[in-house]
Ligand code: ZN
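Residue numbers (this note's numbering): 11 to 286.
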């Protein structure tokens, strides 16, 4: 496993972590802090403008670890599913334009009023299949992100790494996975699944699981403040061939979002050295 204690090159910051700054300030703030990787979100990209974002990212020699996010393929009717696929095709173009390493996909939950989990999962597979030719043509890998099962109803029906890998097996070239420790740390099959993901881990997200957790989405912890064996998971991910960035992604309405993003970056650097 890489020793990252004195090696900041593999630290990236997800826009969500410092979201009170607009994207241009995020890029400049990361650069000032000596951070060389960033994972923008599409809303920030839209606000700044894709071509302006590309200029700034290049000017600061920032690695774009991923673009967050596409997906949300499930819908109650065909028009809704088509609109989602169209939007995902735009996301591929945006990711390519800013030189992102991959486009993250969060699959989508149950359509409104539906209890048909199997049907929704078919919609997810069909949605990814529909956008895949364009992603392949743009040379933009699609990174399927399994989310913790607590999100199954309303956000994501791909809930384990194995499920994501089953989709990759079915869909083939141009697909891979995100390993986000927050979503997979609890999974008894994780070691085997990470091994199975060899060569297909496109990006790696870190934060921590707080005890107690008080919100299903916006109560993630800073690395070191929770119960996730971060070093243990990174060892497995690297053993499976991953050699990229550790992308700090923290949704935290009650703590980190209330702080000065410059301070959050400094704490993230300290914790990266100590715990990631
Ligand atoms: Zn993530």
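All C-beta atoms, glycine included, are put in the ideal place defined by N, C-alpha and C.
On a predicted model such as this, the values are computed, not experimentally measured, just so you know.
Just checking my contact of residue i with residue j at CB under 8 Å: how many whole Å lie between their CB atoms?
{"i": "residue 118", "j": "residue 82", "result": "4 Å"}
{"i": "residue 213", "j": "residue 153", "result": "6 Å"}
{"i": "residue 216", "j": "residue 233", "result": "6 Å"}
{"i": "residue 113", "j": "residue 101", "result": "6 Å"}
{"i": "residue 63", "j": "residue 127", "result": "Not quite, the Cβ-Cβ distance comes to about 37 Å (not below 8 Å), so this is no contact."}
{"i": "residue 98", "j": "residue 141", "result": "5 Å"}
{"i": "residue 28", "j": "residue 271", "result": "4 Å"}
{"i": "residue 187", "j": "residue 210", "result": "6 Å"}
{"i": "residue 185", "j": "residue 226", "result": "27 Å between Cβ atoms; not a contact."}
{"i": "residue 208", "j": "residue 251", "result": "5 Å"}
{"i": "residue 171", "j": "residue 203", "result": "4 Å"}
{"i": "residue 157", "j": "residue 165", "result": "6 Å"}
{"i": "residue 229", "j": "residue 264", "result": "7 Å"}
{"i": "residue 175", "j": "residue 206", "result": "6 Å"}
By the DSSP assignment, the beta strand (DSSP E) with residue i in it spans what residues?
{"i": "residue 77", "result": "77-81"}
{"i": "residue 256", "result": "256-258"}
{"i": "residue 227", "result": "Segment: none, residue 227 is in no beta strand (DSSP E) and carries neither H nor E."}
{"i": "residue 190", "result": "185-190"}
{"i": "residue 47", "result": "47-49"}
{"i": "residue 238", "result": "Unbroken run through residue 238: none, as it is neither H nor E."}
In chain order, what residues of the same chain lie with their CB nearer than 6 Å to the CB of residue i, ignoring the 5 residues before and after it?
{"i": "residue 255", "result": "20, 22, 47, 75"}
{"i": "residue 11", "result": "245, 248"}
{"i": "residue 106", "result": "148, 150"}
{"i": "residue 191", "result": "216, 238, 243"}
{"i": "residue 58", "result": "33, 34"}
Within a Cβ cutoff of 7 Å, which residues of the same chain sit near residue i, ignoring the five residues on either side of it in sequence?
{"i": "residue 104", "result": "52, 55, 60, 77"}
{"i": "residue 37", "result": "48, 66, 67, 70, 72"}
{"i": "residue 115", "result": "79, 80, 81, 138, 152, 153, 154, 155"}
{"i": "residue 277", "result": "232"}
{"i": "residue 274", "result": "27, 28, 266"}
Hey, quick one: how far does the alpha helix (DSSP H) through residue i stretch, first residue to last?
{"i": "residue 53", "result": "52-58"}
{"i": "residue 37", "result": "33-42"}
{"i": "residue 23", "result": "No alpha helix (DSSP H) contains residue 23, which is instead part of the beta strand (DSSP E) from 21-24."}
{"i": "residue 275", "result": "271-285"}
Counting only the same chain and skipping the five closest in sequence on each side, list residues whose C-beta sits under 8 Å from that of residue i.
{"i": "residue 25", "result": "33, 36, 48, 49, 50, 51, 54, 78"}
{"i": "residue 130", "result": "84, 118, 119, 120, 121, 124, 167"}
{"i": "residue 16", "result": "283"}
{"i": "residue 31", "result": "39, 271"}
{"i": "residue 279", "result": "18, 21, 43, 44, 45"}
{"i": "residue 201", "result": "246"}
{"i": "residue 180", "result": "135"}
{"i": "residue 111", "result": "73, 74, 75, 76, 151, 212, 213, 254"}
>> Please give me, in chain order, every unbroken run of the beta strand (DSSP E) with length at least 3 that falls completely inside the segment 68-129.
In response: The segment 68-129 contains these whole beta strand (DSSP E) runs: 77-81, 113-116.
>> Can you tell me which residues fall inside 6 Å of the ligand ZN, judged by beta-carbon distance to its nearest heavy atom, and keep chain order?
In response: Close to the ligand ZN, as judged by a C-beta nearer than 6 Å to any of its heavy atoms, are the residues 155, 188, 190, 215, 259, in chain order.
> If you scan the segment 135-213 from start to end, which runs of the alpha helix (DSSP H) of 4 or more residues do you find wholly inside it?
Replying inline: Listed in chain order, they are 171-181, 191-194, 200-206.
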